[in-house]
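Enquirer:
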Amino acid sequence: MTEPLLQVAGLTKRFGGVIAADAIALDIAAGECHAVIGPNGAGKTTLIGLLAGELAAERGSIRFDGRDITTLAVHSRSQLGLARSFQITSLFADFSALDNVALAVQAHAGHSFHFWKDARGEAALREPAMQALEAVGLAARAEARVDRLSHGEQRQLEIAVALATKPRLLLLDEPMAGLGPDESARMVAMLRRLKGDITMLLIEHDMETVFALADRITVLVYGRVIASGDPLAVRADAAVREAYLGEQDAHHG
Amino acid sequence: MKAARKVLGVALPAAWLAPRAALPAAVLLILGLVPVYAAATGDAFALTLFGRVVILAIAAVSLNLIMGYGGMVSFGHAAYLGIGGYAVGILWKEGFASGFVQWPVAIAVSALFALVVGALSLRTRGVYFFMITLAFAQMVYYVAQGLDRYGGDDGLTIGSRSSFAGLVDLNNATQLYYLCFALLLASLFLVSRLVNSRFGLVIEGARSNERRLRAIGISPFRYKLVCFVIAGALCGLSGALLANHTNFISPAMMYWTRSGDLIVMVILGGLGSLFGPVLGTVTYLLLEEALSRVTEYSGLFLGPALLLVAIFLHGGIEGLLGAGSRD
Numbered sequence: 586m587t588e589p590l591l592q593v594a595g596l597t598k599r600f601g602g603v604i605a606a607d608a609i610a611l612d613i614a615a616g617e618c619h620a621v622i623g624p625n626g627a628g629k630t631t632l633i634g635l636l637a638g639e640l641a642a643e644r645g646s647i648r649f650d651g652r653d654i655t656t657l658a659v660h661s662r663s664q665l666g667l668a669r670s671f672q673i674t675s676l677f678a679d680f681s682a683l684d685n686v687a688l689a690v691q692a693h694a695g696h697s698f699h700f701w702k703d704a705r706g707e708a709a710l711r712e713p714a715m716q717a718l719e720a721v722g723l724a725a726r727a728e729a730r731v732d733r734l735s736h737g738e739q740r741q742l743e744i745a746v747a748l749a750t751k752p753r754l755l756l757l758d759e760p761m762a763g764l765g766p767d768e769s770a771r772m773v774a775m776l777r778r779l780k781g782d783i784t785m786l787l788i789e790h791d792m793e794t795v796f797a798l799a800d801r802i803t804v805l806v807y808g809r810v811i812a813s814g815d816p817l818a819v820r821a822d823a824a825v826r827e828a829y830l831g832e833q834d835a836h837h838g
Numbered sequence: 111m112k113a114a115r116k117v118l119g120v121a122l123p124a125a126w127l128a129p130r131a132a133l134p135a136a137v138l139l140i141l142g143l144v145p146v147y148a149a150a151t152g153d154a155f156a157l158t159l160f161g162r163v164v165i166l167a168i169a170a171v172s173l174n175l176i177m178g179y180g181g182m183v184s185f186g187h188a189a190y191l192g193i194g195g196y197a198v199g200i201l202w203k204e205g206f207a208s209g210f211v212q213w214p215v216a217i218a219v220s221a222l223f224a225l226v227v228g229a230l231s232l233r234t235r236g237v238y239f240f241m242i243t244l245a246f247a248q249m250v251y252y253v254a255q256g257l258d259r260y261g262g263d264d265g266l267t268i269g270s271r272s273s274f275a276g277l278v279d280l281n282n283a284t285q286l287y288y289l290c291f292a293l294l295l296a297s298l299f300l301v302s303r304l305v306n307s308r309f310g311l312v313i314e315g316a317r318s319n320e321r322r323l324r325a326i327g328i329s330p331f332r333y334k335l336v337c338f339v340i341a342g343a344l345c346g347l348s349g350a351l352l353a354n355h356t357n358f359i360s361p362a363m364m365y366w367t368r369s370g371d372l373i374v375m376v377i378l379g380g381l382g383s384l385f386g387p388v389l390g391t392v393t394y395l396l397l398e399e400a401l402s403r404v405t406e407y408s409g410l411f412l413g414p415a416l417l418l419v420a421i422f423l424h425g426g427i428e429g430l431l432g433a434g435s436r437d
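Going line by line, the protein sequences match chains A and B. Counting from 1, position 223 in the first sequence corresponds to residue 808 in the working numbering; the numbering is continuous, with no gaps. Counting from 1, position 303 in the second sequence corresponds to residue 413 in the working numbering; the numbering is continuous, with no gaps.
What follows is the structure in structure tokens.
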């Protein structure tokens with residue numbers, strides 16, 4: 586069997602006395618959609634931060650595509666093909682939607698020490714950017730400034746920006762956060778289209794979404810992996826039922 | 111995508127030709143006609159006053175590049191005026207009168223200084239960046255004060271303007287003015303190209319959301335540093351012009367209040383808009399001049415005026431003209 590695209594072993598991170606990541610082990614095979622679920626405070630966003638490189642791990646290792654990236658900077662990880670969307674939308678708010686995506690394309694088209702040519706006139710940047718907008722259904726809003734987009738559109742743009750970097754692994758931090766039912770449904774449909782082409786690590790609260798998309802599921806509770814496997818097995822897992830699924834409401838808030 | 115029209119083989123953003131460009135165009139036209147007016151009326155002072163406007167507009171344009179587009183609020187920009195001016199003055203004193211030596215040295219030393227300041231300050235943000243740039247500028251100020259050979263605190267009167275082997279005669283006030291004016295136009299053109307290039311998008315991205323920029327794979331430091339150096343070099347040129355304009359250099363050129371003036375000019379005109387700094391410089395210096403004629407306490411009126419701009423006019427004068435300042 587080939588080596589998993591992402592291999593996480595013993596990943597540990599503390600904030601003061603709180604263990605946000607407790608010796609997390611996680612493998613993601615190329616092409617799979619892997620969901621990480623867990624109650625609030627389980628350390629899901631910490632995990633994304635560690636994988637994307639914004640947080641430094643205390644212990645443990647992260648291997649991506651056969652390479653140890655544990656201490657690599659955020660931008661270097663992006664260059665290797667690790668992209669993320671933010672739970673709380675983080676975009677270039679005073680850029681147009683298209684400029685947001687085009688800058689992501691540009692970031693992966695060599696260095697940006699080009700001082701003279703009009704970057705907005707470069708087809709090599711604009712066309713792939715437009716395709717990424719089309720992929721998320723935002724093509725009609727290409728010229729709109731981000732701060733004039735609706736929340737749902739901004740969530741879509743988050744995905745488009747990540748896609749524009751041609752990622753090999755997409756880290757999705759609660760892509761449905763704050764979306765209405767219709768918008769959520771559209772987002773799920775879009776992620777389902779991407780599935781298979783792009784390896785995904787999906788963090789999500791909404792169980793319906795998770796079971797609709799995930800090939801495998803890892804359950805985090807208090808920074809620790811309590812179960813990992815295919816959706817049916819995880820759903821049936823007694824520890825998971827006790828710690829999370831059955832008591833979901835009790836843990837919310 | 112905005113339509114671009116070709117002018118003299120160069121694609122200009124359509125915005126340049128829109129009605130909103132009317133005021134900047136009119137201001138540039140007036141600036142271009144000042145020597146004609148001065149010659150017709152014999153008003154030599156107009157040439158002196160507007161020469162100063164044009165030269166400091168170049169400094170404001172350079173500050174706008176880092177502050178308006180790049181979000182790097184430097185509170186030490188006048189240091190480059192001083193370094194550029196002192197390069198001219200010191201070289202003249204040491205017997206190098208050629209502008210072909212003086213000006214490249216003024217630009218190079220300014221760029222080098224910017225490289226050092228930038229390398230040390232650009233890893234910090236906000237108020238820390240502000241303080242470090244201020245500290246460096248004050249350091250240069252005190253160094254200049256200590257240069258007894260070059261006048262120390264009193265400054266140095268420069269005996270002759272930079273010579274350009276007969277190409278232009280800077281002792282001719284009109285020629286000096288037009289050279290400065292041409293360099294202002296060139297600076298505007300340079301900045302307009304820069305900010306719309308790939309480099310410019312990274313710079314604006316760094317101002318807008320550095321975290322996002324890293325997440326898409328760009329580490330902003332080197333780009334910001336290069337931008338900082340370009341702005342320093344351009345302001346150094348402005349300093350070289352200023353020394354020629356006044357035939358005088360002194361530490362006061364780079365006192366911290368001068369850095370403050372430059373910031374005010376940029377904000378007054380409209381942060382991050384191409385012509386904003388020019389409009390801001392014209393407004394600020396003419397207002398200052400007019401007020402100084404009627405009252406000793408011009409600051410008493412300038413202050414509240416700026417307060418009003420800060421409160422009501424976020425886009426500065428450029429913002430008043432309608433569309434958003436960034437396009």
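For every residue, glycine included, the Cβ atom is placed at its ideal position computed from N, Cα and C.
(1) Starting from D684(A), find everything on chain B with Cβ-Cβ shorter than 8 Å and list it in chain order.
(2) Taking only runs of the alpha helix (DSSP H) that begin and end inside the segment 628-698 of chain A, which ones reach a length of at least 4 residues, in chain order?
(3) Buried or exposed for I613(A), going by 16 or more other Cβ atoms inside 10 Å?
(4) Does D264(B) come out as helix, strand or coil in the three-state DSSP assignment?
(5) Determine which residues of the segment 292-322 of chain B have a Cβ less than 8 Å from any Cβ of chain A, and write them out in chain order.
(6) Check the C-beta distance from P382(B) over to Y179(B) and give it rounded, since I have them as a contact under 8 Å.
(7) Shorter than 7 Å from the beta carbon of I377(B) to some beta carbon of chain A?
(8) Which residues in chain B sit within 9 Å of S646(A), going by Cβ to Cβ distance?
(9) For a test of the three-state rule: what should DSSP assign to T784(A), helix, strand or coil?
(10) Pull up the distance between the alpha-carbon of M772(A) and that of L718(A), whole angstroms please.
(11) Tell me the rounded alpha-carbon separation between M761(A) and R669(A).
(12) Give the DSSP-derived three-state secondary structure of I622(A) in the structure shown.
(13) Give, in chain order, every residue of the segment 724-739 of chain A whose Cβ lies closer than 7 Å to some Cβ of chain B.
(14) Give a yes or no on whether the minimum CB-CB distance between I326(B) and chain A is below 7 Å.
(15) Using the Cα positions of M364(B) and L295(B), report the straight-line distance between them to the nearest angstrom.
(16) Would you say S329(B) faces chain A, with C-beta separation under 7 Å as the test?
(17) Count the other CB atoms, across all protein chains shown, that sit within 10 Å of the CB of R321(B); report buried if there are 16 or more and exposed otherwise.
(18) Provide the residue span of the alpha helix (DSSP H) that contains D371(B), from first to last.
(19) So, does the CB of S681(A) fall closer than 7 Å to a CB anywhere in chain B?
(20) Assuming G595(A) and A608(A) are in contact, meaning their beta carbons sit under 8 Å apart, how far apart are those beta carbons, in whole angstroms?
(21) In three-state DSSP terms, what is F600(A)?
(22) Just the C-alpha distance for D555(A) and F422(B), rounded to the nearest angstrom, thanks.
(23) For V226(B), which three-state DSSP category applies?
(24) Check whether the Cβ atoms of M177(B) and V171(B) sit closer than 7 Å, and answer yes or no.
(25) For V806(A), would you say it is in contact with chain B, using Cβ-to-Cβ distances shorter than 7 Å as the test?
(26) When burial is assigned at 16 or more other CB atoms within 10 Å of the CB, is F239(B) buried or exposed?
(27) Hey, would you say T803(A) sits closer than 7 Å to L591(A), going by beta carbons?
(28) With DSSP as the reference, identify every bridge partner of S273(B), one or two as the case may be.
(29) Can you give me the Cβ contacts of R332(B) inside the same chain, cut-off strictly under 8 Å, excluding the 5 residues immediately before and after it?
(30) Tell me whether the beta-carbon of A749(A) lies closer than 7 Å to the beta-carbon of A714(A).
(31) Going by DSSP, what residue range makes up the beta strand (DSSP E) through V806(A)?
(32) Alpha carbon to alpha carbon, how far is A132(B) from L431(B)?
(33) Quick test of your reading: A197(B) and A216(B), contact by CB under 8 Å. State the CB separation rounded to the nearest angstrom.
(34) Under the rule that 16 or more other beta-carbon atoms within 10 Å means buried, what is N306(B), buried or exposed?
(35) Just tell me which of L710(A), I673(A), D732(A) and G706(A) has its CA closest to the CA of V686(A).
(36) Quick one, which residues of the segment 750-762 of chain A are near chain B if we go by CB-CB under 9 Å, in chain order?
Expert: Considering the structure as presented:
(1) Your numbering for residue 684(A) matches position 99 in the first sequence. From the beta-carbon of D684(A), the residues of chain B found nearer than 8 Å are L311.
(2) Annotation: the segment 628-698 of chain A contains the following complete segments of the alpha helix (DSSP H) (minimum length 4 residues), in chain order: 629-637, 659-665 and 682-692.
(3) The residue given as residue 613(A) occupies position 28 in the first sequence. With 16 or more other Cβ atoms within 10 Å, it is buried.
(4) Residue 264(B) sits at position 154 when you count from the first residue of the second sequence. D264(B) falls in the helix class under three-state DSSP.
(5) Those residues of the segment 292-322 of chain B that come within reach of chain A (Cβ to Cβ, closer than 8 Å) are R303, L304, N306, S307, R308, F309, G310, L311, V312, E314, G315, S318, N319, R321 and R322.
(6) Taking the second sequence and counting its residues from 1, one reaches residue 382(B) at position 272. Taking the second sequence and counting its residues from 1, one reaches residue 179(B) at position 69. Note that residue 382(B) corresponds to Gly in the displayed sequence, not to Pro. Rounded, the Cβ-Cβ distance is 5 Å, consistent with contact.
(7) If you number the second sequence from 1, residue 377(B) lands on position 267. No - not a single Cβ of chain A is within 7 Å of the one on I377(B).
(8) Residue 646(A) sits at position 61 when you count from the first residue of the first sequence. Those do not exist, as S646(A) stays about 22 Å from chain B at its closest Cβ, beyond 9 Å.
(9) Taking the first sequence and counting its residues from 1, one reaches residue 784(A) at position 199. Looking at T784(A) - three-state DSSP - the assignment turns out to be strand.
(10) Locating residue 772(A) in the first sequence gives position 187, counting from the first residue. Locating residue 718(A) in the first sequence gives position 133, counting from the first residue. Rounded to whole angstroms, M772(A) to L718(A) spans 13 Å at the Cα level.
(11) Translated into positions along the first sequence, residue 761(A) becomes position 176. Translated into positions along the first sequence, residue 669(A) becomes position 84. Each residue's Cα considered, the two are about 14 Å apart.
(12) Along the first sequence, one-based indexing puts residue 622(A) at 37. Three-state result, I622(A): strand.
(13) Answer set for the segment 724-739 of chain A: empty.
(14) For the purposes of this step, residue 326(B) is taken as the residue at position 216 of the second sequence. Output row for I326(B): interface = yes.
(15) Within the second sequence, numbered from 1, the residue matching residue 364(B) stands at position 254. Within the second sequence, numbered from 1, the residue matching residue 295(B) stands at position 185. M364(B) and L295(B) have their C-alpha atoms spaced approximately 24 Å apart.
(16) For the purposes of this step, residue 329(B) is taken as the residue at position 219 of the second sequence. Chain A, which has a Cβ nearer than 7 Å to the Cβ of S329(B), makes this yes.
(17) Looking up residue 321(B) in the second sequence gives position 211. It counts as exposed.
(18) Along the second sequence, one-based indexing puts residue 371(B) at 261. Unbroken alpha helix (DSSP H) run through D371(B): W366 to G379.
(19) As a working mapping, residue 681(A) is identified with position 96 in the first sequence. Not closer than 7 Å to any Cβ of chain B, the Cβ of S681(A) fails to qualify, so no.
(20) Taking the first residue of the first sequence as 1, we reach residue 595(A) at position 10. Taking the first residue of the first sequence as 1, we reach residue 608(A) at position 23. Yes, G595(A) and A608(A) are in contact; Cβ-Cβ is about 5 Å, under 8 Å.
(21) The residue you call residue 600(A) lines up with position 15 of the first sequence. Under the three-state reduction of DSSP output, F600(A) falls in the strand class.
(22) Residue 555(A) lies beyond the range of chain A shown here (586 to 838); nothing can be said about it.
(23) Walking along the second sequence from the start, residue 226(B) turns up at place 116. In the structure shown, V226(B) sits in a helix (DSSP, three-state: H, G or I).
(24) Within the second sequence, numbered from 1, the residue matching residue 177(B) stands at position 67. Within the second sequence, numbered from 1, the residue matching residue 171(B) stands at position 61. Between M177(B) and V171(B), the C-beta gap is not smaller than 7 Å, which leaves the two residues out of contact.
(25) In the first sequence, residue 806(A) corresponds to position 221, counting from 1. No, V806(A) does not count as interfacial toward chain B.
(26) The residue given as residue 239(B) occupies position 129 in the second sequence. With 16 or more other Cβ atoms within 10 Å, it is buried.
(27) Here the question's residue 803(A) lines up with position 218 in the first sequence. Here the question's residue 591(A) lines up with position 6 in the first sequence. Cβ atoms of T803(A) and L591(A): not closer than 7 Å.
(28) Sequence index remark: in the second sequence, residue 273(B) carries index 163 (1-based). In the DSSP output, where bridge partners are listed per residue, S273(B) has S208(B).
(29) Numbered from its first residue, the second sequence carries residue 332(B) at position 222. Excluding residues within five positions, none has a Cβ falling inside 8 Å.
(30) Mapped onto the first sequence, residue 749(A) falls at position 164. Mapped onto the first sequence, residue 714(A) falls at position 129. Between A749(A) and A714(A), the gap from beta carbon to beta carbon is short of 7 Å.
(31) Within the first sequence, residue 806(A) is the residue found at index 221, counting from 1. Taken as a continuous stretch (DSSP letters only), the beta strand (DSSP E) holding V806(A) covers R801 to V806.
(32) Taking the first residue of the second sequence as position 1, residue 132(B) is located at position 22. Taking the first residue of the second sequence as position 1, residue 431(B) is located at position 321. If you take the alpha carbons of A132(B) and L431(B), they lie about 9 Å apart.
(33) Counting from 1 along the second sequence, the entry for residue 197(B) is found at position 87. Counting from 1 along the second sequence, the entry for residue 216(B) is found at position 106. With a Cβ gap of about 4 Å, A197(B) and A216(B) count as contacting.
(34) Position 196 of the second sequence holds residue 306(B). Buried, because 16 or more other Cβ atoms sit within 10 Å of the Cβ of N306(B).
(35) As a first step, residue 686(A) must be located in the first sequence, where it is residue number 101. Considering only alpha carbons, the answer is L710(A).
(36) Under the 9 Å Cβ criterion, the segment 750-762 of chain A contributes T750.
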